[in-house]
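K.L.:
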Amino acid sequence: MQKAVSSVLCGRVVSSLFAVWTVAIGSSFLSYNATAQNPVEPTLLWSVTKDGPVHGFDEGRFIAVAPDGNPVIAGGMETSPPSNQAGYVAKYNKDTGALIWEFAFDGMGLANLAIDPDNGNVYVAGNGVGRTFAVGALSPNGNFLWSYSFNSGEGFNFAEDLAVGPDHRVYATGLVGTHSTDIFTVAINPDTGDADWTASKNGAGDNFDASYAIAVDPISGHVAVVGVTVPLSGVLTTITIVYDSAGNELWSRLYDGSAQGGVATGAFFVGIDAQGKIYVTGGIEVGFVSKTATLQYASDGTLMWADVFDDPGIFFSGFAIMKVAASGVHVANTYCADEECSKIGIWLVKYDFNGTRSCSAFFNGPGFIDQAADLAIDGNGNIYISGSSVRPETGEDALIVSFDSSCQKRWEVFFDSNAGGAIEINKSIAVYSEAGSTRIFVTGLTTASPPNILTVAYTEDGGRVDSDGDGIADAVDNCPFIPNPDQSDFDSDGTGDVCELDSDNDGLSDDFEQRFSPFLDPFNPDSDGDGVSDGDEYAPQTCSNPGLWDTNGDGVSDGVALALG
């Protein structure tokens, strides 16, 4: 929305557009007054897409923030034979979305991403050429450092997750083998890419065993991995294993959910709090309905508490996601309200560290399907869930919904590329705060032909990017790096006057002088804008040549109008 106002310069009426800007975020249009200090909704900073070399199926799967505040994304990219795929990694400028660097691990399918919070090295894990357990390393500038691979010599090998420890070593976990797979964990030297130690775990049933998540205690360096095992009973069971920093197994525990009425369980997320307690989240089957169980283990392996969240779903329709932060343990999932899944929503529950539910929330958007894919927590305890939402008017769009630390919804935002019929999905989310500014980064895909990697950045209430400190967010500031709280834009070209070149220093921009008057010269000052240069008139700051005035703006000078009567 724009409001038209008029300026009068030496008798000339000049139209100007000022005061209100409109920012399109997906199919939502958020209006901001330029002088408003606290907009409620998030502001779109930028969005970028990436199309791979063969214009095939490309998607962003993971996102993390480097120490410099710039987001790094990792995903899959379709390539030419014989590899047919590549693990794609890219770093973007946090303010503009400009590509800083990109790198492709040929033949690698990526499962996760981690960044060293101190030196900024980037690590990815997945499966490599020849079905190997693979980890790759890049420098903060995107230069290749090393790759690590392990091949059990049989079957399938896959790295599912990785983390960086306080010793800067890279820890990865996954599965190796054939039908009787084992849990495999490795600690990799960050300088050489060689394994410092490896550990394999064969479950009690000598059957299928796999780990899906890993976390490292920042104090003790203990390594926790979680996953599933099939014991002799044949029932899928959650397994948690903890190693010391040298690779010695400290303890392992099975959780079958029977104490909570469950008959099968499987964990996919693990976290560690500041006291070294370990949290595990996954699915549990209760009465033929899949629910979500969250557990806490003490550092010695004692099960402290377990809770099955009684969400309203008829059955489980997604994998639970969990983040442990200073504000508590946060778990989210997607649920179906009936057996046909005619209505799908998102739920959130927050626990304190004693296992008490601090709060919970449910989200059902304007359509009939809302799905959660990832969540993040900022320094104030605000919660951000990314995923997708199907709306009647636009189809499936990328979704972010935010809750405060009390699980009260703050806002939701949808991203629609406006490419007819295209689907947009947010796969992963990360938040970054500095100097009172909070940025929200998401990556996923858009199916605008062909399917591309989609990465989007927002800033929101209480954390707007305001580079020049003039009280106006960069996203709606017409001169974001030079203070101009009045947003003056005399020629209405969208660029603030203080940002426009004025070669003759007469107060009129070169662009305005060239486009709006045949009398004006951008290199010859005309301070009063009367069409006579300062050097040719006795009072350059006043309209000293009334013969050239056009008071009523009709295109006929006052002198000519008087002569004609």
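At position 523 of the sequence shown the residue is numbered 632 (the numbering used here), and the sequence of numbers has no breaks. In this text, a Cβ means the ideal position worked out from N, Cα and C, and glycines have one as well. None of the values given here were measured: they were computed from a predicted structure.
Could you please give the first and the last residue of the uninterrupted beta strand (DSSP E) stretch that includes Asn194?
P.N.:
Walking along the sequence shown from the start, residue 194 turns up at place 85. For the record, residue 194 in the displayed sequence is Gln; it is not Asn. From DSSP, the beta strand (DSSP E) with Gln194 extends over 194-201.
K.L.:
Can the beta-carbon of Asp483 be found closer than 9 Å to that of Ser498?
P.N.:
Residue mapping note: residue 483 aligns to position 374 of the sequence shown, counting from 1. Residue mapping note: residue 498 aligns to position 389 of the sequence shown, counting from 1. Cβ atoms of Asp483 and Ser498: not closer than 9 Å.
K.L.:
Below 8 Å on the Cβ atoms is my guess for Thr290 versus Ala319; work out the distance and round it to an integer in Å.
P.N.:
The count along the sequence shown starts at 1 and reaches residue 290 at position 181. The count along the sequence shown starts at 1 and reaches residue 319 at position 210. The Cβ separation is near 6 Å, so the contact holds.
K.L.:
Taking only beta-carbon atoms, is Ser399 less than 9 Å away from chain C?
P.N.:
Absent from the structure is chain C; it holds one protein chain and no more.
K.L.:
Is it right to say Thr287 is buried, meaning 16 or more other beta carbons lie within 10 angstroms of its own, or is it exposed?
P.N.:
Counting from 1 along the sequence shown, the entry for residue 287 is found at position 178. Thr287 comes out exposed.
K.L.:
State the Cα-Cα distance for the pair Gly545 and Pro475, rounded to the nearest angstrom.
P.N.:
Counting from one through the sequence shown, the residue named residue 545 turns up at place 436. Counting from one through the sequence shown, the residue named residue 475 turns up at place 366. If I take the Cα positions, the gap works out to 32 Å.
K.L.:
Mark Ala296 as exposed unless 16 or more other C-beta atoms lie within 10 angstroms of its C-beta, in which case mark it buried.
P.N.:
Against the sequence shown, residue 296 aligns to sequence position 187. With 16 or more other Cβ atoms within 10 Å, it is buried.
K.L.:
If Phe259 sits next to Phe214, beta carbons under 8 Å apart, how far is it from one beta carbon to the other, in whole angstroms?
P.N.:
Residue mapping note: residue 259 aligns to position 150 of the sequence shown, counting from 1. Residue mapping note: residue 214 aligns to position 105 of the sequence shown, counting from 1. Wrong, their Cβ atoms sit about 16 Å apart, outside the cutoff.
K.L.:
Let me make sure I understand the geometry here. Which of Thr282, Ala322, Ala324 has the alpha-carbon closest to that of Ala304?
P.N.:
Position 195 of the sequence shown, counted from the start, is the residue given in the question as residue 304. Answer by Cα proximity: Thr282.
K.L.:
Would you check if the distance between the CB atom of Thr401 and the CB atom of Asn442 is smaller than 9 Å?
P.N.:
By one-based count along the sequence shown, residue 401 stands at place 292. By one-based count along the sequence shown, residue 442 stands at place 333. Contact: yes.
K.L.:
Considering Glu533, what are the terminal residues of the beta strand (DSSP E) in which it resides?
P.N.:
The residue you call residue 533 lines up with position 424 of the sequence shown. Counting along the chain, the beta strand (DSSP E) containing Glu533 begins and ends at 533-543.
K.L.:
In chain order, which beta strand (DSSP E) runs of at least 3 residues are fully inside the segment 435-523?
P.N.:
Entirely contained in the segment 435-523, the beta strand (DSSP E) runs reaching 3 residues are, in chain order, 437-445, 453-460, 466-472, 478-486, 492-500, 504-512.
K.L.:
Am I right that Thr403 and Val344 are in contact with their C-beta atoms under 8 Å? What's the rounded C-beta distance?
P.N.:
Start at 1 with the first residue of the sequence shown, and residue 403 comes out as number 294. Start at 1 with the first residue of the sequence shown, and residue 344 comes out as number 235. In fact, because the Cβ distance is near 20 Å, the residues do not count as touching under 8 Å.
K.L.:
Strictly by DSSP, which residues pair up with Glu394?
P.N.:
Working through the sequence shown from its first residue, we reach residue 394 at position 285. Looking at the DSSP assignment, Glu394 forms a beta bridge with Ser399.
K.L.:
Using beta-carbon positions only, say whether Ala429 and Phe377 come within less than 9 Å of one another.
P.N.:
For the purposes of this step, residue 429 is taken as the residue at position 320 of the sequence shown. For the purposes of this step, residue 377 is taken as the residue at position 268 of the sequence shown. Going by C-beta atoms, Ala429 is nearer than 9 Å to Phe377.
K.L.:
Going by other Cβ atoms of all chains shown within 10 Å of its Cβ, with 16 needed for buried, is Ile453 buried or exposed?
P.N.:
As a first step, residue 453 is located in the sequence shown; it is residue number 344 there, counting from the start. Ile453 comes out buried.
K.L.:
Using CA atoms only, rank isn't needed, just tell me which of Val332, Thr188, Gly206 is closest to Val551.
P.N.:
As a working mapping, residue 551 is identified with position 442 in the sequence shown. Nearest C-alpha to Val551: Gly206.
K.L.:
How is Ser367 classed by DSSP in three states: helix, strand or coil?
P.N.:
In the sequence shown, residue 367 corresponds to position 258, counting from 1. Three-state result, Ser367: helix.
K.L.:
What residues match up with Glu358 in a beta bridge as DSSP calls it?
P.N.:
Numbered from 1 along the sequence shown, position 249 holds the residue referred to as residue 358. For Glu358, which the question treats as bridged, DSSP gives the partners Tyr352.
K.L.:
Does the segment 262-273 come close enough to the segment 247-254 to have 3 or more Cβ pairs within less than 8 Å?
P.N.:
The segment 262-273 is not in contact with the segment 247-254.
K.L.:
Residue range of the beta strand (DSSP E) that Leu254 falls in?
P.N.:
Against the sequence shown, residue 254 aligns to sequence position 145. Residues 253-259.
K.L.:
Quick check: Phe512 and Ile494, are their CB atoms within less than 9 Å of each other?
P.N.:
As a working note, residue 512 is residue 403 in the sequence shown. As a working note, residue 494 is residue 385 in the sequence shown. Against a cut-off of 9 Å, the Cβ pair of Ile494 and Phe512 comes out as a contact.
K.L.:
Is Asp577 near Asn593, with beta carbons less than 9 Å apart?
P.N.:
Numbered from 1 along the sequence shown, position 468 holds the residue referred to as residue 577. Numbered from 1 along the sequence shown, position 484 holds the residue referred to as residue 593. Cβ atoms of Asp577 and Asn593: closer than 9 Å.
K.L.:
Which partner residues of Tyr280 appear in the DSSP bridge assignment?
P.N.:
Within the sequence shown, residue 280 is the residue found at index 171, counting from 1. Ala272, Ala296.
K.L.:
I need the straight-line Cα distance from Trp456 to Ala373, nearest angstrom please.
P.N.:
Taking the sequence shown and counting its residues from 1, the one referred to as residue 456 is at position 347. Taking the sequence shown and counting its residues from 1, the one referred to as residue 373 is at position 264. Computed Cα separation, rounded: 22 Å.
K.L.:
Once the 5 residues before and after Gly229 are set aside, which same chain residues still bring their CB inside 6 Å of it?
P.N.:
One-based indexing of the sequence shown puts residue 229 at position 120. Ala175, Pro176, Pro249, listed in sequence order.
K.L.:
Cα-Cα, which of Ile532, Asp416, Ala223 is closest to Ala322?
P.N.:
Counting from 1 along the sequence shown, the entry for residue 322 is found at position 213. It is Ala223.
K.L.:
Taking Gly245 as the reference, which of Pro299, Tyr388, Ser542, Lys200 has the closest Cα?
P.N.:
Counting from 1 along the sequence shown, the entry for residue 245 is found at position 136. Checked all of Pro299, Tyr388, Ser542, Lys200; the closest Cα to Gly245 is Pro299.
K.L.:
Under the three-state reduction of DSSP, which class applies to Val607: helix, strand or coil?
P.N.:
Working through the sequence shown from its first residue, we reach residue 607 at position 498. Three-state result, Val607: helix.
K.L.:
Which same chain residues, not among the five before or five after Ser156, have their C-beta less than 6 Å away from its C-beta?
P.N.:
Position 47 of the sequence shown holds residue 156. Closer than 6 Å at the Cβ level, and outside the excluded window around Ser156, lie Val565.
K.L.:
Would Phe590 be called buried (16 or more neighbouring beta carbons within 10 Å of its own) or exposed?
P.N.:
By one-based count along the sequence shown, residue 590 stands at place 481. Its Cβ having fewer than 16 others within 10 Å, Phe590 is exposed.
K.L.:
When burial is assigned at 16 or more other CB atoms within 10 Å of the CB, is Leu554 buried or exposed?
P.N.:
Here residue 554 is taken as the residue at index 445 of the sequence shown, counted from 1. Its Cβ being crowded by 16 or more others within 10 Å, Leu554 is buried.
K.L.:
So is Phe397 buried or exposed if we call it buried at 16+ other beta carbons inside 10 Å?
P.N.:
On the sequence shown, residue 397 is found 288 positions in, with the first residue counted as 1. By the neighbour-count rule (16 or more Cβ atoms within 10 Å), Phe397 is not buried but exposed.
K.L.:
Which residue comes first and which comes last in the beta strand (DSSP E) that contains Glu211?
P.N.:
Taking the sequence shown and counting its residues from 1, one reaches residue 211 at position 102. Element bounds for Glu211: 208-215.
K.L.:
Going by the beta-carbon positions, is the gap between Val163 and Ser192 smaller than 9 Å?
P.N.:
Start at 1 with the first residue of the sequence shown, and residue 163 comes out as number 54. Start at 1 with the first residue of the sequence shown, and residue 192 comes out as number 83. Their beta carbons are not under 9 Å apart, which means Val163 does not touch Ser192 by this criterion.
K.L.:
The beta strand (DSSP E) that contains Arg170, what's its start and end?
P.N.:
Position 61 of the sequence shown, counted from the start, is the residue given in the question as residue 170. Counting along the chain, the beta strand (DSSP E) containing Arg170 begins and ends at 167-174.
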